[in-house]
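Asker: Following my numbering, the numbering of the sequence shown begins with 2 at its first residue and continues without gaps. The C-beta atom is built at its ideal place from N, Cα and C for all residues, glycine as well.
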Amino acid sequence: MTLLAVELKESTKYLHAEAGRSKFMKYFFKGEVSPATYGRFLVSLYQIYNALEKALDDHKDNPQLALIYFPEELSRKKPLEEDLEFFNGPDWRQLLTPISPAQQSYISAIQNCASSKHPERLVAHSYVRYLGDLSGGQVLAKRLQKYNDLPEDKGVSFYHFALIEDNDQFKEMFRKRLNQIEVEDEVRELIVEEAKDTFMRNIEIFAEFDSQLEGLPLTKKEQLENLAILEKEKAELAAAKKQQEQEQDSASGSASAGLLASLAPSNLWNSLMGAVRYPAAERVEPVDA
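See below:
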């Protein structure tokens, strides 16, 4: 049987690409989503995560959901509240009503999963939201900061996972946990179908902002160009991460070699003095692939 993580990825691949080619994401990549529009988009995200994280908390004792339950590491409510206040001011909660049709559809889907006889379907929502945030967050945060000239670390809390040191390692662990989930074939199919539907609901959220964006609908060429830009930036960030790791390993290796060489009697004193002055290895910030 295909591993659940693989099946989820393969079954939603085309929808993932479709979401990335949406009009909203086109203008996001070009830096043409205004701060006001982005502030309202954050409201939609907050509605979604408020519902999702309540549902996961309510079912934290479910043995299958417990495998992918990481409230401290993954919770997005508090970071979203920080960003909402930054973009919308202290009265941002007034924007939570009325709930838009796309928001309501998304919230209802989460609540239906939570109240059904198979709450394991919430796995699909965790997979789509959290792995998506961990995968594309670094690129989106840089875009947001670049085009809006944001103060350092302001307005991008949503994309930062303070308790996760390495996004790639965490995603790999999350996928392994997905593969440990044991459900009947019927429930497994429901999880996969729920993941597909969730991608469509994300696309519907994006579409609610189309009227606030300028320009004609995306052509096929523009869709492919935008997707290529995203993949290029992700590759560049991955290469930068790899180079940092190599430099750190190289520095560590050189230090070890130097210390071994210092054991020669004629150099013992100088080597020991040099050893205690080794610079501390710089902390490497996680960069998503």
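Do ILE204 and GLU19 come within 9 Å of each other at the CB atom, strictly closer than that value?
Answerer: The sequence position of residue 19 within the sequence shown is 18, counting from 1. The sequence position of residue 204 within the sequence shown is 203, counting from 1. Yes, Cβ-Cβ distance for GLU19 and ILE204 is below 9 Å.
Asker: Please list, in chain order, all residues of the same chain as ARG176 whose beta carbon is under 7 Å from its beta carbon, the five residues on each side excluded.
Answerer: Here residue 176 refers to the residue found at position 175 when the sequence shown is read from its first residue. Hits under 7 Å: ALA6.
Asker: Using only CA atoms, which one of PHE159, LEU214, TYR28, GLN146 lies nearest to SER76?
Answerer: Locating residue 76 in the sequence shown gives position 75, where the first residue counts as 1. Closest by alpha carbon: PHE159.
Asker: Is it true that the stretch 112 to 120 meets the stretch 52 to 68, where meeting means three or more beta-carbon pairs spaced less than 8 Å apart?
Answerer: Touching, yes, given that three or more Cβ pairs across the two stretches are closer than 8 Å.
Asker: Buried or exposed for ARG189, please, with buried defined as at least 16 other CB atoms from any protein chain shown within 10 angstroms of its CB.
Answerer: Sequence index remark: in the sequence shown, residue 189 carries index 188 (1-based). Classification of ARG189: buried, given that the 10 Å Cβ count is 16 or more.
Asker: Restricting to runs no shorter than 4 residues, where is the alpha helix (DSSP H) found entirely within the stretch 158 to 183?
Answerer: You should have 168 to 181.
Asker: For TYR47 and ARG202, which I take to be in contact (beta-carbon distance under 8 Å), what is that distance rounded to the nearest angstrom?
Answerer: Taking the first residue of the sequence shown as position 1, residue 47 is located at position 46. Taking the first residue of the sequence shown as position 1, residue 202 is located at position 201. About 15 Å; that fails the 8 Å criterion.
Asker: Straight-line CA distance for GLU54 to LEU145?
Answerer: Position 53 of the sequence shown holds residue 54. Position 144 of the sequence shown holds residue 145. Taking the straight line joining both Cα atoms gives about 25 Å.
Asker: Using CA atoms only, rank isn't needed, just tell me which of PRO72, SER35, ASP134, VAL129 is closest to ASP150.
Answerer: Here residue 150 refers to the residue found at position 149 when the sequence shown is read from its first residue. Answer by Cα proximity: SER35.
Asker: Quick check: the stretch 125 to 133 against the stretch 180 to 198, are at least 3 beta-carbon pairs closer than 8 Å?
Answerer: With a cut-off of 8 Å, the stretch 125 to 133 and the stretch 180 to 198 count as touching, because enough Cβ pairs lie within range.
Asker: What residue from ALA37, SER109, GLN213 has the CA that sits closest to ALA123's CA?
Answerer: On the sequence shown, position 122 is the one that residue 123 refers to. In the sequence as presented, Ala is not what sits at residue 123; that position holds Leu. When only C-alpha atoms are compared, the closest one is SER109.
Asker: How would you call SER267, buried or exposed, if buried means at least 16 neighbouring beta carbons within 10 angstroms?
Answerer: In the sequence shown, residue 267 corresponds to position 266, counting from 1. In this prediction, SER267 scores a pLDDT of 41, lower than 50, which makes its location untrustworthy; the coordinate-derived value is nonetheless stated afterwards. Exposed is the call here.
Asker: Quick test of your reading: LEU214 and TYR28, contact by CB under 8 Å. State the CB separation rounded to the nearest angstrom.
Answerer: Here residue 214 refers to the residue found at position 213 when the sequence shown is read from its first residue. Here residue 28 refers to the residue found at position 27 when the sequence shown is read from its first residue. About 5 Å separates the two Cβ atoms, so the contact holds.
Asker: Quick one: what's got a C-beta closer than 7 Å to HIS314's C-beta in the same chain, skipping five residues either side?
Answerer: Residue 314 lies beyond the residue range present for the chain, which begins at 2 and ends at 290; the question has no answer from this structure.
Asker: Should TYR15 be labelled buried (16 or more other beta-carbon atoms within 10 Å of its own) or exposed?
Answerer: In the sequence shown, the residue the question calls residue 15 occupies position 14. Looking at its Cβ environment, which holds fewer than 16 other Cβ atoms inside 10 Å, TYR15 is exposed.
Asker: Pick helix, strand or coil for TYR70, following the three-state DSSP scheme.
Answerer: As a first step, residue 70 must be located in the sequence shown, where it is residue number 69. Here TYR70 sits in coil by DSSP.
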